[in-house]
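Take a look at the structure set out below.
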Amino acid sequence: MLPEHATLPVRPHRLAIAVATCGALLLTAGCGTDEGGTASEQVAADAGAGSTEPSATAAASPSGSESASASPSASATPSDSTSPTTRATPSDAGEAGDAADGDTAGGTRPGSGTGTGTGTGTGTQPDPAPGADAPDFPVPVEAGNATQLITVEARGSYATVTAWAKGSSGWKEQFSTGSGRVGSNGVTNGATRRQGTWTTPTGTYTITEGFGVEASGTSMPYHVVTDDDWWVEDPESKFYNSMHSAQGADFPLTESGDRGSEHLIGYPTQYAKALVIDFNRWPATPGRGAGIFLHVNGSGATAGCVSVPRATMDRFMNWVEPSAHPRIAIG
1 MLPEHATLPV
11 RPHRLAIAVA
21 TCGALLLTAG
31 CGTDEGGTAS
41 EQVAADAGAG
51 STEPSATAAA
61 SPSGSESASA
71 SPSASATPSD
81 STSPTTRATP
91 SDAGEAGDAA
101 DGDTAGGTRP
111 GSGTGTGTGT
121 GTGTQPDPAP
131 GADAPDFPVP
141 VEAGNATQLI
151 TVEARGSYAT
161 VTAWAKGSSG
171 WKEQFSTGSG
181 RVGSNGVTNG
191 ATRRQGTWTT
201 PTGTYTITEG
211 FGVEASGTSM
221 PYHVVTDDDW
231 WVEDPESKFY
241 NSMHSAQGAD
251 FPLTESGDRG
261 SEHLIGYPTQ
271 YAKALVIDFN
281 RWPATPGRGA
291 GIFLHVNGSG
301 ATAGCVSVPR
311 ATMDRFMNWV
321 EPSAHPRIAI
331 G
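Encoded structure:
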């Protein structure tokens, strides 16, 4: 979000994590500003520096070495493919206000689901016993070669977000929060989703990089953003749906209008730390949506991203590892 007490021209953008008003400032909608949309949509930004989150109790999480020198442009194309999955669309539009934060250790995730998902692990781990590698994930999953998985089970604009790891005995839940948020209009089929609809795309997607206003102890490729960094959401730009600096930009350096992009440093709460969800990348189809991230909760629903309490996001950053080929499944 923007600095406190600042006012911006508004546009429907990225995760309206901003969406609810915790403070009275208006700004471009988005996870800062969700993917590009029309300038007519507005969202009240979180004026605080972050809600009070409980500290996460937790299960072992390796602390990775951080690399703050990652290139501001999108990282290399991942070799494993991803696939959107059809899912009913809740329309819980415009919900505001944070639910109570909370993280639970494995095995206490609220709610139940009927999702499917098999997936084969990679590396040198021994084969699990028959049936042990396919738990009853709460949403449809295409695990591929992932040995780390995040599931997002949406309820309108709210969600239960859970971390899973695959070991010698199969998939096990690691930790979970029932205080996640998704788009203010809920989730929609990732294969047909359009930009500016305030929805979060369903499906399974790789996670290959992160960024943030703050440094983060993660082993993922990670870029500490500066005033020069933008997430390009201009459908006419060749850099659409990637991070790019102001230098050499073929997109307007503004968050306003149909060609506006997201000035990442302007959202120190939501983008304190974030992981990029590889939706509509490699290739990026203009108009389908740009800038779908997993990031810190703002004051309400998002414009398309997935958000979690700060304590949970810190935990995800320390837990996720490139060698585990992490994926996120949204449903």
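Position 62 of the sequence shown, counting from 1, maps to 62 under full-length UniProt numbering, and the rest follow consecutively. Don't be surprised by glycine CBs; every beta carbon is placed ideally from N, CA and C.
With H, G and I counted as helix, E and B as strand and the rest as coil, what does DSSP make of residue i?
i    : result
D227 : coil
G266 : helix
S323 : helix
M220 : coil
G212 : strand
T312 : helix
Looking at the strands, I want to know which residues DSSP matches up with residue i.
i    : result
G203 : I330
V276 : F293
K172 : A165
A159 : A154, G180
M243 : W231
T188 : P201
Assuming residue i is part of the beta strand (DSSP E), what are its boundary residues?
i    : result
T151 : 148 to 155
V306 : 306 to 308
S256 : Premise fails: S256 is in no beta strand (DSSP E) and is neither H nor E.
With distances taken between CB atoms, is the gap from residue i to residue j smaller than 8 Å?
i           : j    : result
A303        : W230 : no
F239        : D250 : yes
I328        : T200 : no
V225        : I265 : yes
E255        : H244 : no
V308        : N297 : yes
residue 338 : T218 : The chain is shown from 1 up to 331; residue 338 falls before or after that span and cannot be answered.
R181        : G289 : no
S179        : T162 : no
P135        : G170 : yes
R310        : A272 : yes
F279        : G210 : no
Between the Cα of residue i and those of the options, spot the shortest distance and give me the residue it belongs to.
i    : options                : result
N145 : D227, E236, R315, K166 : K166
A154 : G183, A143, P135       : G183
P235 : D258, V308, P221       : D258
V187 : V152, V296, G170, S168 : V152
E233 : I292, A215, K273, R310 : I292
P140 : T202, W319, T285       : T202
P286 : L149, N241, A191, I150 : N241
S168 : R193, T147, A159, T177 : T147
Y267 : H325, G212, E173       : G212
G322 : T269, A215, T206, M313 : It is Pro, not Gly, that sits at residue 322 in the sequence shown. Nearest C-alpha to P322: T206.
G300 : Q174, T269, Y222, T204 : T269
T208 : K172, P221, N185       : P221
Q174 : P283, P326, W319, H325 : W319
Does the distance between the C-beta of residue i and the nearest non-hydrogen atom of the ligand NAP fall short of 7 Å?
i    : result
R315 : Summarising the ligand content, the structure contains no ligands, and the ligand NAP is consequently not present.
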